[in-house]
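Residue numbers (this note's numbering): 196 to 433. Even glycine gets a Cβ: it sits at the ideal position worked out from N, Cα and C.
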């Protein structure tokens, strides 16, 4: 039954694209879109990626260390990029690279989501369907966040669309791999933990500060709504 995962993973592609389209439509009011994205990305790290990592690795202390390492690593990577490109045109290039780093992280997460669908259907149909429902419900947020990361750092709509396409295809590729290969769950969990640190870094130090630079009750509500929506989805999924 593992091959059932592949057409179902196609639904996650549509969910991701829908989230990205919403973000693109809000691009003219980028701070408002990022207010929602910031709440979503922090919640995804805390309530989705982190629990998955702990379950896969089986050692909460090790996962905590990997999350911290991911946070520090991506902080240093961002600072290195920005400091290396000191001139104003080069600064723009550095920010574009940081945005690509964020989009790549979300694409890896989406790939692992698809992998989970493929592996779950290899266990039994019921487990596969539950995992599929959990993934398709939060892939909308992945599409939203992918566009938000790239637009925040570079403002390049075409680049955002390209990364959205990569992120949308990632779970389908992951499902194909999951249906055909056996991959160490522990290694996948460790990778997820590192990217949980990255998502927390981007949300807490970049997305949310930018969104709330100027006081706005609407943006506060959007951040809380994004956070609460992911929490609710995670509670229902588990």
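- In the three-state DSSP reduction, residue 410 falls in the coil class, being neither helix nor strand.
- A direct Cα-Cα distance of roughly 13 Å separates residue 327 from residue 373.
- Note on geometry: alpha-carbon atoms of residue 395 and residue 376 lie some 31 Å from one another.
- In this structure residue 312 does not touch residue 219 by the C-beta definition: roughly 26 Å separates them, more than the 8 Å allowed.
- Annotation: the region 219 to 252 contains the following complete segments of the alpha helix (DSSP H) (minimum length 4 residues), in chain order: 225 to 239, 245 to 252.
- Taking the Cα positions, residue 247 is about 31 Å away from residue 221.
- Under the three-state reduction of DSSP output, residue 376 falls in the coil class, being neither helix nor strand.
- With respect to the C-alpha of residue 250, the residue from 425, 426, 409, 379 having the closest C-alpha is 379.
- Residue environment for residue 304: buried (at least 16 other C-beta atoms within 10 angstroms of its C-beta).
- Annotated three-state conformation of residue 254 is coil, per DSSP.
- The beta carbons of residue 238 and residue 425 sit closer together than 8 Å.
- Between the C-alpha atoms of residue 254 and residue 367 there is a straight-line separation of about 29 Å.
- Straight across, the Cα-Cα distance linking residue 263 with residue 257 is about 10 Å.
- Cβ-Cβ separation between residue 314 and residue 337: approximately 19 Å, too far for a contact (criterion under 8 Å).
- In the three-state scheme derived from DSSP, where H, G and I count as helix and E and B as strand, residue 300 is classed as helix.
- Straight across, the Cα-Cα distance linking residue 392 with residue 430 is about 21 Å.
- In this structure residue 341 is not in contact with residue 233, their Cβ atoms being roughly 14 Å apart against a cut-off of 8 Å.
- Going by beta carbons, residue 399 and residue 418 fall outside the 8 Å limit.
- Here residue 309 really is in contact with residue 207; their C-beta atoms are around 7 Å apart, less than 8 Å.
- Here residue 401 is buried: its Cβ has 16 or more other Cβ atoms, across all protein chains shown, within 10 Å.
- By the C-beta density criterion, residue 412 is exposed, having fewer than 16 other C-beta atoms within 10 angstroms.
- Here the alpha carbons of residue 355 and residue 346 stand approximately 6 Å from one another.
- DSSP places residue 350 in the coil class of the three-state scheme, outside both helix and strand.
- When the five nearest sequence neighbours on each side are left out, the beta carbons in the same chain lying within less than 6 Å of the beta carbon of residue 358 are those of 298, 341, 345, in order along the chain.
- In the assembly as shown, residue 320 is an exposed residue. Its beta-carbon has fewer than 16 other beta-carbons within 10 Å.
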